[in-house]
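Asks:
In UniProt numbering, the protein residues as written are 1 to 143.
1) Residue 115 to residue 93, Cα distance in whole Å?
2) Between residue 73 and the rest of its own chain, which residues show a CB-CB distance below 6 Å, the 5 nearest in sequence each way excluded?
3) Can you find the residues in the same chain that come closer than 7 Å, C-beta to C-beta, to residue 140, ignoring five residues on each side of it along the sequence?
4) From residue 68 to residue 111, what distance separates their C-alpha atoms?
5) Candidates 71, 79, 49, 87: which alpha carbon is nearest residue 152's?
6) Once DSSP output is grouped into helix, strand and coil, what is the label at residue 101?
7) Compute the beta-carbon to beta-carbon distance between residue 89 and residue 77, rounded to the nearest angstrom, for a pair I have assumed lies under 8 Å.
8) Helix, strand or coil for residue 12 per DSSP?
9) In chain order, what residues of the same chain lie with their CB nearer than 7 Å to the CB of residue 86, ignoring the 5 residues before and after it?
10) Measure the alpha-carbon distance for residue 57 versus residue 19 and round it to whole angstroms.
11) For the putative contact between residue 26 and residue 35, defined by C-beta atoms under 8 Å, what is the C-beta separation to the nearest angstrom?
12) Output yes or no for whether 8 Å exceeds the beta carbon distance between residue 81 and residue 121.
13) What is the DSSP secondary structure of residue 18, counted as helix, strand or coil?
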């Protein structure tokens, strides 16, 4: 059997090069790059979950939890629901407990995606924010 003198490159198709570089940076240094924006944090969170890198997952989830706003909350909620990020999901629900935040989220670009990709999380949100006195109305809405 003849061995190749040069190693073949490994192609990772479902991850951006910058995300992979940041992932490798964390693996080798146990630290995130100084400028970790929320977009990179969301991509790194998925990568950390995929490769079971718990500390990076915690760092990225914390970053997103601390930067929830009405423009991004629907996107974060979909991300949390699709990947089982319970802490991020809870932070989004707390943010959406404010009627003005909920209204702003429903006007955001991410809301339609959330509605189509994660309808069950919207039912859960309604169940959590609707007062107990309106249980009958809640049951009607959720049918």
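Yeah, the Cβ is synthetic: ideal placement off N, Cα and C, and Gly gets one too.
Replies: Put simply:
1) 15 Å
2) 92, 95, 105
3) Any answer about residue 140 is weak, because its pLDDT of 46 lies below 50 and its placement is not dependable; what the coordinates show is given next. The answer is none, since no qualifying residue turns up.
4) 14 Å
5) It is not possible to answer for residue 152, since the shown part of the chain is limited to 1 through 143.
6) helix
7) 7 Å
8) coil
9) none
10) 13 Å
11) Separation of the CB atoms of residue 26 and residue 35 is rounded to 14 Å, and the pair is thereby denied contact status at 8 Å.
12) Judged by their CB atoms, residue 81 and residue 121 are nearer to each other than the 8 Å cut-off.
13) DSSP places residue 18 in helix when its eight states are reduced to three.
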